[in-house]
Amino acid sequence: MPLSKGKSREAVSKNIKTGIKQGKSQKQAVAIALNEARKSGAKIPKKSRK
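Taken in order, the sequence shown gives residues 1 to 50; the numbers are from the UniProt record's numbering.
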């Protein structure tokens with residue numbers, strides 16, 4: 001199932017649920033969903049590694 005395009009909270013939530021259904025871990029599903037939102041123009045800063 002393809003991920004939905006968009007930067008709204010609903011689109012990100014739907015993409016997370018889709019990722020978990022596909023068997024991805026929760027952290028990986030969140031990362032993929034936020035990356036998709038960034039591609040759609042959302043101003044979500046990347047988490048810095050320390």
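Glycine included, every Cβ here is placed at the ideal spot set by N, Cα and C.
How far does the alpha helix (DSSP H) with residue i in it extend, from its first residue to its last?
{"i": "Ala42", "result": "Here Ala42 belongs to no alpha helix (DSSP H), and DSSP marks it neither H nor E."}
Measuring alpha carbon to alpha carbon, tell me which residue in the options is nearest residue i.
{"i": "Ala31", "options": "Pro2, Gly23, Gly41, Gly19", "result": "Gly19"}
{"i": "Ser4", "options": "Lys50, Ser40, Ser25", "result": "Ser40"}
Measuring CB to CB, does residue i end up less than 8 angstroms from residue j?
{"i": "Ala37", "j": "Ala11", "result": "yes"}
Rounded C-beta distance between residue i and residue j? I'm assuming under 8 angstroms.
{"i": "Ala33", "j": "Ile16", "result": "5 angstroms"}
{"i": "Lys14", "j": "Ala42", "result": "The Cβ separation is near 14 angstroms, so there is no contact."}
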